[in-house]
Amino acid sequence: MKIVQQLQALTQRAITQAYGKEIDAEKIVINATRSDMDGDFTVVTFALAKLLGDRPDAIAAKIGEALEASAEDVSGVSVVKGFLNINLAGSFWRKQLEAIKDEDQFGYAAKKGIKTAIEFSSPNTNKPLHLGHVRNILLGWSISKLLEAAGHDVVRVQIINDRGIAICKSMVAWQKFANGATPASLSRKGDLVVGDYYVRFEAEFQEEYRAWQNTPAGKAALADVKVKEGEEPAKKYKNTYFNTISPLGKEAKEMLLAWEAGDPSVRELWSTMNGWVYAGHNATYERMGVTFDKLYYESDTYLLGKAMALKGLEKEAFYKKEDGSVWADLTDAKLDQKIILRADGTSVYITQDLGTAHQRFEDFGMDRMIYVTGDEQNYHFQALFAALAKLQEPYADQLYHLGYGMIDLTTGKMKSREGTVVDADDLMEQVVAEARANAEERAEITESDASTRAESAEQVGLAAIKYYILRVGPKKRMVFNPKESVELQGTTGPYIQYSYVRAFGVSARAEKEGYDAAAGGAYNELAPAERDLVKHLLTLPEVIEQAAEELDPSQVASYAYALAKGYHRFWHDHSVLSAENEAAKAFRVGLSHAVAKTLRTSMDLLGISLPERM
RNA sequence: GGUCCCAUAGCUCAGCUGGAUAGAGCAUCUCACUUCUAAUGAGACGGUCACAGGUUCGAAUCCUGUUGGGAUCACCA
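Following our numbering, the numbering of the first sequence begins with 873 at its first residue and continues without gaps.
Listed below in structure tokens is the structure:
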């Protein structure tokens, strides 16, 4: 039982003793005592004043007296205005620590029998993963771990957007300019190669468009474009040009049609180039420590979506317009009319999502489904959920969309077209290099060999990136400062890792050298730093529960940081191996052991691994 | 115009279901290393919690409105 609940029960009894009235225990407000006041927990009595017909300070005094007399774990009380500060005995905290120290899955909830599917990352197959994906992947992975810790059965899925005009652009450019080059012949990651040709296509297209603008036909067409003030005709006309005039655009569109028709040579090129991308993406995922249970491909599910649309028509959940297009009326969900199928029977974005959702339910029978995407898709998911509700899909009321805020670079907004994206691979490489440089500088202190240093640099660099991004609440738009993200000091992953290195190192050494573990039972006068650590350790289950409930890894990030900080402070003031006596030593070894274990648990929930040396 | 998200120290961010004098990190300035690993610790400096009302014994937190920033409202994904 949680300590606060125990105290509520005790306080409830004390009130009955002092006033002869029964108060609902849950209504008694008990908070952690402010750090600058003496005490562990504080009963806030203002709300009780009316119920008991007494003044807050008098209530605090009377409850305090009763508590001190009857509760053996209460070592002292003090009253400040209406606040009753309670001190719990050192032996109480010592016993609490002993109870969790070797608990295998401390912080994890029992299985709830709820199956949750979570979709994240879900890239296009025409380019490498970039900074936006990094936030998506880290959030998705961490939330999936949190849900598992909270007792859910989790299935991690992706929908891979492997078809469409974008990949066709890469394919056209590759055919025209690559001379048969492959990732192997270029010694370059496959996703980067395909991305190169996507960029090449865009560059060639820009050039073609610019040249056309200077032809008589181009000038005439642009002169007719109506624009608002500050808008450029050429920019506004670009899509129209691509779709109706551009030779390159025509090639790409013909390729898309050939793909849809199942043209064997186009399909073959398509699957070859997608294969390159998958190999590249997988390498990136692997380095990030992320895996998926099941992948869905848009090239499969867009057909399923069409079936869903037709089912919707049968059920009269959707309706057909005169031109043959299929629509959903979502006005009762405060949304608009939403198209489900085009007049020519081809699918739109939402169509494949309908199909994918249904297929997943067939595959897994999940109770809940969580989508992690950028918040620019908030409206899309509202519409998707409303449409699934209209179809009366059984899981329709258990769908969640987590739209995270855009991640901006310090230099400005992140736009792939302007070439200011930070590539995921480059980012990891840069930060790991920084960590390596740091480790080399400290090589004398750590007395480690080169391969150990390289390994820990990898862990440290990745921790820096992951922590930097996950410490911010998901919905908040955040600024990514490349310089600052490399920083290994302050509120960072490496700071926490260092705390772990200390806690783990010292407890492992004590185990190895041997100490009198039983002596700890005599240690009942905890120093403030020790008491704070034990208290903080004990809150892990609540932190996990709430973070999972709110789909918010940043709460765990804060928790881990506070724990690491507390341990650093403790370390500074107290010696473990050369403690004053055997009792103190035994207690501190146990404390260090528990801190190390808890840091490991909480950082694991963020997808961050901890080195034993650094 | 409709809907949604955001606004806290110079900068980047915490602040749980309303509780005491709003907290960290970075930056700036001090101090502490022949270490159980100083990638650390201690201190100083830094605030009209966007603004205005309301609810309450009590509001950064809840409600309403205003302002500012962003997203979205495509037969794009």
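Glycine included, each C-beta is placed from N, C-alpha and C at the ideal position.
Just so it is clear, the structure is predicted and the values come from calculations on it, not from any experiment.
Spatial neighbours of residue i within its chain, please: C-beta separation below 7 Å, excluding the five flanking residues on both sides.
i, result
"Phe1072", "The question names Phe, but residue 1072 in the sequence shown is Arg. Hits under 7 Å: Ala1045, Phe1049."
"His1153", "Pro995, Leu1001, Asp1063"
"Arg1289", "Bear in mind that a pLDDT of 42 at Arg1289, under 50, signals an unreliable position, so the number given afterwards is only what the model happens to contain. There are no such residues."
"Asp1208", "Leu1202"
"Lys983", "Gly1023"
"Ala1124", "Ile1037, Cys1040, Lys1041, Val1044"
"Val1415", "Gln1427, Val1428, Tyr1431"
"Gln968", "Val1406, Leu1410"
Taking 8 Å as the limit between beta carbons, can you name the residues of its chain near residue i, skipping five residues before and five after?
i, result
"Asn1396", "Ala961, Gly962, Ser963, Arg966"
"Asp1247", "Gly1275, Tyr1276, Gly1277, Met1278, Lys1347"
"Ser1171", "Asp1034, Arg1035"
Residue i by DSSP, collapsed to three states: which one?
i, result
"Arg1240", "strand"
"Val901", "strand"
"Gln824", "The structure shown has nothing for residue 824, since the chain only spans 873 to 1486."
"Thr914", "strand"
"Lys1192", "strand"
"Phe978", "coil"
"Gln1264", "coil"
"Tyr1168", "strand"
"Ser1288", "Low confidence applies here, because Ser1288 scores a pLDDT of 44, under 50, leaving its location unreliable; read the following figure in that light. Helix at Ser1288."
"Glu991", "strand"
"Thr1245", "strand"
"Lys1122", "helix"
"Leu1360", "coil"
"Lys893", "coil"
"Val1487", "Nothing in the structure corresponds to residue 1487, since the chain is present only between 873 and 1486."
"Val1044", "helix"
"Ala1229", "helix"
"Ser907", "coil"
"Ala1093", "helix"
Measure the Cβ-Cβ separation of residue i and residue j and say whether it is below 7 Å.
i, j, result
"Ala886", "Ala919", "no"
"Ile1039", "Asn998", "yes"
"Leu1018", "Val1026", "no"
"Thr1364", "Ala1336", "yes"
"Asp1201", "Ala1215", "no"
"Ala1181", "Leu1213", "yes"
"Phe1164", "Ala989", "no"
"Ile935", "Leu924", "no"
"Thr1173", "Thr1228", "yes"
"Ala1375", "Ala1456", "no"
"Gly1345", "Trp1013", "no"
"Ser1379", "Ser1464", "yes"
"Tyr1340", "Ser1357", "yes"
"Ala1258", "Ala1205", "yes"
"Ile986", "Gly911", "no"
For residue i, which residues from the same chain have a beta carbon less than 6 Å from its beta carbon, with the 5 sequence-adjacent residues on both sides left out?
i, result
"Ser1481", "Gln1331"
"Lys1347", "Gly1277"
"Ala1311", "Arg1325, Ala1329"
"Gly1273", "Here residue 1273 is His; the residue named in the question, Gly, does not match the sequence. Tyr1243, Phe1253."
"Ser1382", "Sequence inspection shows Ala at residue 1382; the Ser mentioned does not correspond to that position. Once the five neighbours on either side are set aside, the close Cβ partners of Ala1382 are Val1461."
In angstroms with no decimal places, state the Cα-to-Cα distance between residue i and residue j.
i, j, result
"Thr1223", "Tyr1370", "49 Å"
"Tyr1439", "Glu970", "17 Å"
"Asp908", "Ala1436", "20 Å"
"Asp1068", "Asn1111", "22 Å"
"Glu1452", "His1446", "9 Å"
"Gly1177", "Met1043", "26 Å"
"Arg927", "Met1238", "53 Å"
"Gln1231", "Leu1398", "57 Å"
"Tyr1267", "Glu1417", "23 Å"
"Ala1083", "Asn1051", "25 Å"
"Asn1115", "Tyr1150", "29 Å"
"Ala904", "Phe913", "5 Å"
"Asp1225", "Tyr1168", "11 Å"
"Tyr1433", "Glu894", "41 Å"
"Ala941", "Ala1419", "38 Å"
For the ligand ZN, is there any heavy atom lying closer than 6 Å to the beta carbon of residue i?
i, result
"Arg1349", "Ligands in the displayed structure: none, and consequently the ligand ZN is not present."
Kindly indicate the opening and closing residues of the alpha helix (DSSP H) around residue i.
i, result
"Ala1429", "1426-1445"
"Ile1117", "Neither: Ile1117 is in no alpha helix (DSSP H) and is coded neither H nor E."
"Met1145", "1136-1160"
For the beta strand (DSSP E) that residue i lies in, which residues bound it at each end?
i, result
"Gln1418", "Run containing Gln1418: none in the beta strand (DSSP E); it sits in the alpha helix (DSSP H), 1412-1422."
"Gly948", "946-952"
"His1273", "1271-1276"
"Leu956", "955-960"
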